[in-house]
Every structure is written in C-alpha cells, then in structure tokens.
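K.L.:
This is the structure I have questions about; it appears just below.
Residue numbers (this note's numbering): 31 to 105.
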C-alpha cells in the first residue's frame with residue numbers, strides 16, 4: 031500500500047482510496063497525495079474539494095484511479 035501512495039506522490043497521479051473514519055464509516059475517495067508522514071497521508075481530496083489528512087492505519091485500500099468512461103446509448 032505504501033508503494034502505491036509513494037508512486038502516486040512521485041508521479042502526481044490520482045488514487046482511489048477506501049477509507050474507514052474513526053467512527054467506523056467507510057468512504058471511497060479520489061485523492062492526490064501531497065505528503066506522506068509516519069502515520070498519516072496529506073492529500074487533496076477530490077470528493078471534498080480540499081486538502082485532508084488520512085491515517086495510514088485507517089486506509090483499507092488504495093489503487094491508481096481509473097476514470098470510468100460513460101457509455102452512450104446507441105439508437
């Protein structure tokens with residue numbers, strides 16, 4: 031997981047994050063890592079449109095973000 035976060039930081043790429051808040055609520059976010067500390071990740075959160083701090087221990091999953099294509103209906 032740390033490798034994906036570091037690569038995201040180095041390559042300035044968007045990542046998809048599954049995160050569990052301290053109160054147990056699970057959320058899915060799209061982020062861009064700003065810095066990585068010993069126990070936290072500072073990242074711009076595209077969901078909240080602001081810089082947020084995420085505890086490493088609460089990150090359930092992180093993967094490179096793949097923008098989903100919208101399918102057009104064919105007549």
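The C-beta atom is built at its ideal place from N, Cα and C for all residues, glycine as well.
In its own chain, which residues sit with a C-beta less than 6 Å from the C-beta of residue 44, not counting the 5 before and 5 after it?
P.N.:
Here residue 44 is taken as the residue at index 14 of the chain shown, counted from 1. Closer than 6 Å at Cβ, skipping near neighbours: 60, 62 and 95.
K.L.:
Going by DSSP, what residues sit across from residue 85 in a beta bridge?
P.N.:
Walking along the chain shown from the start, residue 85 turns up at place 55. In DSSP, residue 85 forms a bridge with 70.
K.L.:
State the DSSP-derived secondary structure class of residue 59, mapped to helix, strand or coil.
P.N.:
Against the chain shown, residue 59 aligns to sequence position 29. If DSSP states are grouped into helix, strand and coil, residue 59 belongs with the strands.
K.L.:
For residue 55 and residue 89, I'd like the C-alpha separation in whole angstroms.
P.N.:
As a first step, residue 55 is located in the chain shown; it is residue number 25 there, counting from the start. As a first step, residue 89 is located in the chain shown; it is residue number 59 there, counting from the start. The alpha-carbon atoms of residue 55 and residue 89 are separated by roughly 12 Å.
K.L.:
How many angstroms separate the CA atom of residue 73 from the CA atom of residue 53?
P.N.:
For the purposes of this step, residue 73 is taken as the residue at position 43 of the chain shown. For the purposes of this step, residue 53 is taken as the residue at position 23 of the chain shown. In a straight line, the C-alpha of residue 73 is about 20 Å away from that of residue 53.
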